[in-house]
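Trainee:
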Amino acid sequence: MSRMETMGLAKSETLQSSSCNRLIGRSESLKRDSVMSNGGSAKVKGTLERKKSKSFKGESYSSWLITEAPGSIAAVRREQVAAQQALRKLKIAHYGRSKSTLTNFTSSKVVPLVHPSPHPHPQRCSFITPTSDPIYVAYHDEEWGVPVHDDKTLFELLTLSGAQVGSDWTSTLRKRHDFRKAFMEFEAEAVAKISEKEMNEISTEYKIEMSKVRGIVENATKILEIKKNFESLEKYIWGFVNHKPISTNYKFGHKIPVKTSKSESISKDMVRRGFRYVGPTVVHSFMQAAGLTNDHLLTCYRHIPCTLVSTNP
225 MSRMETMGLA
235 KSETLQSSSC
245 NRLIGRSESL
255 KRDSVMSNGG
265 SAKVKGTLER
275 KKSKSFKGES
285 YSSWLITEAP
295 GSIAAVRREQ
305 VAAQQALRKL
315 KIAHYGRSKS
325 TLTNFTSSKV
335 VPLVHPSPHP
345 HPQRCSFITP
355 TSDPIYVAYH
365 DEEWGVPVHD
375 DKTLFELLTL
385 SGAQVGSDWT
395 STLRKRHDFR
405 KAFMEFEAEA
415 VAKISEKEMN
425 EISTEYKIEM
435 SKVRGIVENA
445 TKILEIKKNF
455 ESLEKYIWGF
465 VNHKPISTNY
475 KFGHKIPVKT
485 SKSESISKDM
495 VRRGFRYVGP
505 TVVHSFMQAA
515 GLTNDHLLTC
525 YRHIPCTLVS
535 TNP
């Protein structure tokens, strides 16, 4: 064999050996990658299975069971909302009662009302509170702001408005029946005839200050004079507002005044005629009681009814 042939054969064997080495290396690399890939997947799978086993104890749960299950965040939130709604309904149902009822309720387990009132009591003026006396609440709901055109009732409301000076409306309303008995149901003709002796007896029996008793009797005599000049007390009083109630639009209780320019003008005229206990503040209170002015707040459920009564006497 020649030298050239020998060199060619050696070169060919070298190339074949190099090619085989590359194929073997690639095969081992692919095998290693495959093992690593399979191992990683197995590792991840094992981790997931362990987590699942740890969290759910080897069982499979749907998502709705997680959110709806007792003790879950969603369940707790639903209980809180139900409690708030039940408390709100109870506040409406117990409107006008003492705070102790609500305090006892909030400190106990919240139980939703089974049959809530279909017509909860509407909102009143802000000066009517949960602790207000029922007699005062009834006065607000049934009389305050309602136009009055009867002479005897006007005389009664004028008397009560003067009597509550230095006191309060609740205490005065509690003695309303005594005032009616003492002053002949506010028949002006009969009251004007009460003697000094009878005044003393009334003051002692009904525990009414003597000065107020005497003032009521004197007012009765002035009402008789008013009737001669104006035919009735109603025509005299309502003439100051052109026989049409004043409708105000107050949104807040502190905006309601204790006197107005109108009450000042009425007071001035009544004082000139000899009436007693008819200052501007008393007259404004009388105007509210007799419905000459509708001072119910806009948020009060009595505002609109009193307005309708005023426009449709």
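Those letters in the sequence shown? Residues 225 to 537, per the numbering used here, in order. C-beta atoms are modelled at their ideal positions from N, C-alpha and C, and glycine is treated no differently. The structure presented is a predicted model; accordingly, all values stated were derived computationally and were not measured.
Buried or exposed for Thr170, going by 16 or more other Cβ atoms inside 10 Å?
Mentor: Any answer about residue 170 is impossible in this case: the structure gives the chain only from 225 up to 537.
Trainee: Less than 9 Å between the beta carbons of Gly369 and Gly515, yes or no?
Mentor: yes
Trainee: Would you call the region 434-450 and the region 466-486 in contact, with 3 or more CB pairs under 8 Å?
Mentor: no
Trainee: Could you check if Asp375 is buried or exposed, using at least 16 other CB atoms within 10 Å of its CB as the buried criterion?
Mentor: buried
Trainee: Could you round the C-beta distance between Thr484 and His508 to whole angstroms and report it? I think they count as a contact, below 8 Å.
Mentor: Right, their Cβ atoms sit about 6 Å apart.
Trainee: With a threshold of 16 other CB atoms inside 10 Å of the CB of Pro208, please say whether the residue is buried or exposed.
Mentor: For residue 208 there is no data in the structure shown, the boundaries of the chain being 225 and 537.
Trainee: Helix or strand or just coil, what does DSSP make of Ile440?
Mentor: helix
Trainee: Verify whether the separation of the beta carbon atoms of Lys431 and Ala387 is less than 9 Å.
Mentor: no
Trainee: What are the partner residues of Ile470, as DSSP defines its beta bridges?
Mentor: Thr517
Trainee: Can you say whether His401 is buried or exposed, counting buried as having 16 or more other CB atoms within 10 angstroms of its CB?
Mentor: By the 16-neighbour rule on beta-carbons within 10 angstroms, His401 is exposed.
Trainee: Hey, would you say Gln347 sits closer than 9 Å to Cys524, going by beta carbons?
Mentor: Taking 9 Å as the Cβ cut-off, Gln347 and Cys524 qualify as a contacting pair.
Trainee: Output the boundary residues of the alpha helix (DSSP H) element that contains Thr369.
Mentor: Per the sequence shown, the amino acid found at residue 369 is Gly instead of Thr. Gly369 -> no alpha helix (DSSP H), and no H or E assigned at all.
Trainee: Is DSSP giving Gly390 helix, strand or coil here?
Mentor: Coil, per DSSP.
Trainee: Who are the Cβ neighbours of Leu381 in its own chain at under 8 Å, not counting the five residues just before and after it?
Mentor: Val372, Phe510, Ala513 and Ala514
Trainee: Grouping DSSP H, G and I as helix and E and B as strand, with all else coil, what is Thr523?
Mentor: coil
Trainee: Measure how close the beta-carbons of Ile440 and Thr383 come, nearest whole angstrom, since I'm counting them as under 8 Å.
Mentor: 5 Å
Trainee: Cα separation between Gly390 and Asn453?
Mentor: 33 Å
Trainee: Could you check what DSSP says for Arg500 in three-state terms: helix, strand or coil?
Mentor: coil
Trainee: Measure the C-alpha to C-alpha separation of Phe410 and Ala306 and round it to an integer number of angstroms.
Mentor: 54 Å
Trainee: Let me make sure I understand the geometry here. Which of Glu458, Thr377, Lys405 and Thr394 has the alpha-carbon closest to that of Pro358?
Mentor: Closest by alpha carbon: Thr394.
Trainee: Look at the alpha carbon of Ile426 and the alpha carbon of Met434, and state the distance between them as a whole number of angstroms.
Mentor: Using only the alpha carbons, I get a separation of about 8 Å.
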